[in-house]
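Presented below is the structure to which this report refers.
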Amino acid sequence: MNYLKLVYQRKLFFLVLILKLTNLSGQVRVHEEPRHHLVFQNKEIRILNVMIPPGDTTQYHIHTTPSLFIGLSGTTTGSQLQGGKASSGKSIAGRILFENLAPPNIRTHRVWNADKDTFNVMDMELLMKDPVFEKMPLKMPNLELEIDTNWVRVYRLTMLGGTEFMIKNEKQLLILVSLNAATMETKENGKTGNQTLNPGIYFVIKKRQSFSIKNTSNENVPFVLVELPSK
Numbered sequence: 011m012n013y014l015k016l017v018y019q020r021k022l023f024f025l026v027l028i029l030k031l032t033n034l035s036g037q038v039r040v041h042e043e044p045r046h047h048l049v050f051q052n053k054e055i056r057i058l059n060v061m062i063p064p065g066d067t068t069q070y071h072i073h074t075t076p077s078l079f080i081g082l083s084g085t086t087t088g089s090q091l092q093g094g095k096a097s098s099g100k101s102i103a104g105r106i107l108f109e110n111l112a113p114p115n116i117r118t119h120r121v122w123n124a125d126k127d128t129f130n131v132m133d134m135e136l137l138m139k140d141p142v143f144e145k146m147p148l149k150m151p152n153l154e155l156e157i158d159t160n161w162v163r164v165y166r167l168t169m170l171g172g173t174e175f176m177i178k179n180e181k182q183l184l185i186l187v188s189l190n191a192a193t194m195e196t197k198e199n200g201k202t203g204n205q206t207l208n209p210g211i212y213f214v215i216k217k218r219q220s221f222s223i224k225n226t227s228n229e230n231v232p233f234v235l236v237e238l239p240s241k
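To convert, count from 1 in the sequence shown and add 10; that's our numbering.
Printed below as a string of structure tokens:
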């Protein structure tokens, strides 16, 4: 009888321990989760390069801010809300998604890679409080507005072969994200250089900065341009 009681107590102890560890893992903020790599941050935005190897699973992590997601790979994935059922999905390279994950819309979940290739997505956490756009959306050749919110505007830029994209920034922060592999000629504040791009390579175009990028190939190259509010 005492032996059975001891076995029961041990099982109960380990069950409680597992529940506590699960609860603690759910307290990891998204930018602290090991597979979410911090690559840039200021008071306006936090950029995470999310890379999950084949067969790997993230910790349960919490999203608590409005966020922009840019898909960089086509990968079969799975996800599970904490306390919920698992579901399968498919990431799409080039897909852009905005979600307002500020309270009360916070999300605690984990994600895994069910594919043979690395799952890669860019997660941009939008950190500004009470953001306001002072100007109308940008209007430039081959630039198409896709997402327009108080927190962020997102455009698709298609650079035709031999064309150049030029901008003289004023008050807002701009981020240009490459979606394909390509070789480009860039010029930032008068300094010219050649850049070999891969999906996820980005350029931060700061306030009062001039920037240009030229497609030196004959093929069209897609980009995502992210515009943040000036205040």
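The C-beta atom is built at its ideal place from N, Cα and C for all residues, glycine as well.
It should be emphasised that the depicted structure is a prediction, and the values quoted were computed from it without experimental measurement.
### Three-state class that DSSP yields for V236 in the structure shown
For the purposes of this step, residue 236 is taken as the residue at position 226 of the sequence shown. The answer is strand: DSSP assigns V236 an E or B state.
### Query
Which term fits I81, buried or exposed, when burial requires 16 or more other beta carbons within 10 angstroms of its beta carbon?
Translated into positions along the sequence shown, residue 81 becomes position 71. Per the sequence shown, residue 81 should be read as Gly rather than Ile. Label assigned to G81: buried.
### Query
According to the neighbour-count rule (16 or more other Cβ atoms, all chains shown, within 10 Å of its Cβ), is E237 buried or exposed?
Walking along the sequence shown from the start, residue 237 turns up at place 227. Buried, since its Cβ has 16 or more Cβ neighbours within 10 Å.
### Message
Using DSSP's beta-bridge definition, name the partner residues of Q37.
### Response
If you number the sequence shown from 1, residue 37 lands on position 27. Beta-bridge pairing links Q37 to no other residue.
### Query
To the nearest angstrom, how far is it from the Cα of N230 to the Cα of A192?
What you label residue 230 is simply residue 220 of the sequence shown in a count that begins at 1. What you label residue 192 is simply residue 182 of the sequence shown in a count that begins at 1. Spanning the alpha carbons of N230 and A192 requires a straight line of approximately 10 Å.
### Query
Residues bridged to V214 by DSSP?
Along the sequence shown, read from residue 1 onward, the residue named residue 214 stands at position 204. Bridge partners of V214 according to DSSP: I185.
### Rounded C-alpha distance that separates S188 from T196
One-based indexing of the sequence shown puts residue 188 at position 178. One-based indexing of the sequence shown puts residue 196 at position 186. Using only the alpha carbons, I get a separation of about 13 Å.
### Task
Indicate whether A96 and G84 have their beta-carbon atoms separated by less than 8 Å.
One-based indexing of the sequence shown puts residue 96 at position 86. One-based indexing of the sequence shown puts residue 84 at position 74. Result no, Cβ atoms of A96 and G84 do not sit closer than 8 Å.
### Task
Please go through the segment 121 to 200 and give each complete beta strand (DSSP E) segment of 3 or more residues, from N-terminal end onward.
Entirely contained in the segment 121 to 200, the beta strand (DSSP E) runs reaching 3 residues are, in chain order, 129 to 136, 153 to 158, 163 to 169, 174 to 178, 184 to 188, 192 to 198.
### Task
Report buried or exposed for P76, applying the criterion of at least 16 other Cβ atoms within 10 angstroms of its Cβ.
For the purposes of this step, residue 76 is identified with residue 66 of the sequence shown, where counting begins at 1. With 16 or more other Cβ atoms inside 10 Å of its own Cβ, P76 counts as buried.
### Query
Measuring CA to CA, which of K201, L183, V121 is closest to S98?
By one-based count along the sequence shown, residue 98 stands at place 88. Comparing alpha-carbon positions, the option among K201, L183, V121 lying closest to S98 turns out to be V121.
#### Entry: Presumed contact (8 Å Cβ cut-off) between I106 and V214, rounded CB distance
For the purposes of this step, residue 106 is taken as residue 96 along the sequence shown, with counting starting at 1. For the purposes of this step, residue 214 is taken as residue 204 along the sequence shown, with counting starting at 1. Not quite, the Cβ-Cβ distance comes to about 18 Å (not below 8 Å), so this is no contact.
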